[in-house]
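Under the working numbering, the residue at position 94 of the sequence shown is numbered 111, and the numbers go up by one with no gaps.
First the structure, in the form of structure tokens, and then the observations on it.
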Amino acid sequence: MNKSLFSGHFLHARLPEMDEWADDPAPVYAALLPLWEKAQRLGSHWNEAQTEAEFIQPVLELLGWSYTVQAKSNRGGQISRPDYALFAPLLAFVADCLAPRNSQPATRNSQPATRNPQLAPTSSTTSSPSWPNR
């Protein structure tokens, strides 16, 4: 049911033509389901840090996002620290290179995320540069 967030034309004609729409969601769904089931079983006993480590961060990684936790943001003269700053893969690599030495890398894993998790490099197949050692 379309509640006018997107036009019917966009949903029925343009969205199916986008490259992302052609990706098979089954592998990502299959990877997310155990995380969701674990969160349903145990999540009510988790504190914020456990929720982030056990559910939020793995979900972001499976969806192909790179992130930095509580990065300082200055917008309009207001300093804030959002829970997560999300980055496209190349921006994540640059963010890690420019981050202070004592900060966390943009992702928990050693490989930059891709927007298509099915195409994410593995340690045995990647030829891309690895994250800087910290």
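Glycine included, each C-beta is placed from N, C-alpha and C at the ideal position.
These figures come from a predicted structure and were not determined experimentally.
Proximity of residue i and residue j at Cβ, strictly below 7 Å
| i | j | result |
| --- | --- | --- |
| Leu79 | Ala39 | no |
| Ser83 | Ser90 | no |
| Pro75 | Leu52 | yes |
| Ala70 | Thr85 | no |
Among the options, the one whose alpha carbon lies nearest that of residue i
| i | options | result |
| --- | --- | --- |
| Phe72 | Glu54, Gln87, Glu34 | Glu54 |
| Glu65 | Asp100, Phe27, Gly25 | Asp100 |
| Pro44 | Gly81, Phe27, His26 | Gly81 |
For residue j and residue i, the rounded distance between their alpha carbons
| i | j | result |
| --- | --- | --- |
| Gly60 | Thr68 | 7 Å |
| His29 | Ala105 | 27 Å |
| Asp36 | Phe23 | 18 Å |
| Ala88 | Leu77 | 16 Å |
| Tyr46 | Ser21 | 26 Å |
| Gly25 | Pro42 | 22 Å |
| Ala56 | Arg31 | 35 Å |
| Gly93 | Phe27 | 33 Å |
Any non-hydrogen atom of the ligand NAP within 6 Å of residue i CB
| i | result |
| --- | --- |
| Glu71 | Looking at this structure, you won't find the ligand NAP or any other ligand, since it has none at all. |
Beta strand (DSSP E) runs wholly inside the stretch 27-93, at least 3 long, in chain order: The qualifying runs are 83-86, 90-92.
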